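Worksheet: one structure, shown below.
Residue numbers (this note's numbering), protein chains in the order written: chain Y, 14 to 129; chain A, 84 to 271.
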């Protein structure tokens, strides 16, 4: 099992957060802390790059809904990028695609933030 | 059975149920475990031993299934108990975070379990659909949402401090359960 890693970079006013490894109840507090810090800094446009993620737990996904909601209240959003097929099946099965937008490329995700 | 095959295998001896988890415990393989446990509880089994020696981790839904078994066993002042054995430091932390260490009898890795030796490997049976090989295909969305909601409600019953941790998820699941038509072929 890979260790969970988080890397962050800025694309203009959008924060790209690259996730690697397993996002489970054990590792989620690290992401939660990072997202809370970004919100405190007034950064509400977030993309989570999931391409290197090998697992995501149900509670983690549920909590992301809450973060997306908070971001939208401040004219931002939290979007998922490059979700591996195995994880996408779970996201779709649980109905999270109705509340979390998923993009296949960074360009389309960034462009979606620019739409009025 | 190969002890490294991922999934959930079970054994019953009298009123004692033995459960071995290899790999991850998730919302997917939590469903067959719940079905099996309910059947065993119905037969009067009152001691559940869960071996986490080869368990890489558990999601909250799976932990909610274990909590549900523990709550059922503790109803009405019964002496029934769920014993989790060979628990790694990482899994102990998960149990403690959710307050389940107070509902379960938790035995850490390395503690002497000679008085509760597990039956031999060959006597275990793998639960169907517990190996996580594309199980999402067979899952019904509404049944899954109902199952997850019940599991997280169990976690809140086990420790009310869990309520805020899962409020976004449970709100979403409640709305989802209300939104969708019932399964035409619900699972037993």
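Where a beta carbon is used, it is the ideal one built from N, C-alpha and C, also for glycine.
Here the structure is a predicted model, which is why all the values come from computation and not from measurement.
Cutoff 8 Å: residue i Cβ touching any chain A Cβ
i                      : result
residue 71 of chain Y  : yes
residue 37 of chain Y  : yes
residue 91 of chain Y  : no
residue 76 of chain Y  : yes
residue 115 of chain Y : no
residue 107 of chain Y : yes
residue 96 of chain Y  : no
residue 79 of chain Y  : yes
residue 104 of chain Y : no
residue 48 of chain Y  : no
Endpoints, the alpha helix (DSSP H) within which residue i is located
i                      : result
residue 54 of chain Y  : Where residue 54 of chain Y is concerned, there is no enclosing alpha helix (DSSP H), given that its DSSP letter is neither H nor E.
residue 235 of chain A : 224-241
residue 71 of chain Y  : 71-86
residue 121 of chain A : 113-125
residue 179 of chain A : 172-180
residue 144 of chain A : 143-157
Beta-carbon proximity check, residue i vs residue j, cutoff 8 Å
i                      : j                      : result
residue 138 of chain A : residue 100 of chain A : no
residue 40 of chain Y  : residue 110 of chain A : no
residue 65 of chain Y  : residue 32 of chain Y  : yes
residue 63 of chain Y  : residue 107 of chain Y : no
residue 166 of chain A : residue 188 of chain A : yes
residue 58 of chain Y  : residue 28 of chain Y  : yes
residue 182 of chain A : residue 226 of chain A : no
residue 88 of chain Y  : residue 34 of chain Y  : no
residue 256 of chain A : residue 228 of chain A : yes
residue 222 of chain A : residue 119 of chain A : no
residue 94 of chain A  : residue 202 of chain A : yes
residue 80 of chain Y  : residue 36 of chain Y  : no
Distance between beta carbons of residue j and residue i, contact taken as under 8 Å
i                      : j                      : result
residue 132 of chain A : residue 152 of chain A : Not confirmed; about 11 Å, so no contact.
residue 142 of chain A : residue 108 of chain A : 7 Å
residue 186 of chain A : residue 150 of chain A : 6 Å
residue 154 of chain A : residue 164 of chain A : So it is not a contact: roughly 12 Å between Cβ atoms.
residue 104 of chain A : residue 124 of chain A : Contact flag wrong, Cβ pair sits at about 18 Å.
residue 234 of chain A : residue 106 of chain A : Rounded, the Cβ-Cβ distance is 19 Å, inconsistent with contact.
Residue i at chain Y interface by Cβ criterion, 8 Å
i                      : result
residue 88 of chain A  : no
residue 214 of chain A : no
residue 231 of chain A : yes
residue 198 of chain A : Because residue 198 of chain A carries a pLDDT of 44, less than 50, the predicted location of this residue cannot be relied on, and the following value inherits that uncertainty. No, its Cβ sits nowhere closer than 8 Å to a Cβ of chain Y.
residue 255 of chain A : yes
residue 261 of chain A : no
residue 117 of chain A : no
residue 240 of chain A : no
residue 227 of chain A : yes
residue 267 of chain A : With a pLDDT of 42 at residue 267 of chain A, under the threshold of 50, the modelled position of this residue cannot be trusted; read the value that follows with caution. No, residue 267 of chain A lies away from the interface with chain Y (no Cβ there is under 8 Å from its Cβ).
residue 140 of chain A : yes
residue 157 of chain A : no
residue 191 of chain A : no
residue 103 of chain A : no
residue 110 of chain A : yes
Bounding residues of the beta strand (DSSP E) (the contiguous stretch that carries residue i)
i                      : result
residue 96 of chain Y  : Here residue 96 of chain Y belongs to no beta strand (DSSP E), and DSSP marks it neither H nor E.
residue 103 of chain A : 99-108
residue 121 of chain Y : Where residue 121 of chain Y is concerned, there is no enclosing beta strand (DSSP E), although the alpha helix (DSSP H) it sits in stretches over 119-127.
residue 29 of chain Y  : 27-36
residue 23 of chain Y  : 18-24
residue 283 of chain A : The first residue shown for chain A is 84 and the last is 271, placing residue 283 of chain A beyond what the model contains.
- Stretch pair the region 141-148 of chain A + the region 226-243 of chain A: three plus CB contacts closer than 8 Å: yes
- Could you say if the region 27-45 of chain Y and the region 61-76 of chain Y meet the contact criterion of at least three C-beta pairs nearer than 8 Å? yes
- Query: Per the contact definition of three or more C-beta pairs closer than 8 Å, is the region 86-102 of chain Y in contact with the region 164-183 of chain A?
  - Reply: no
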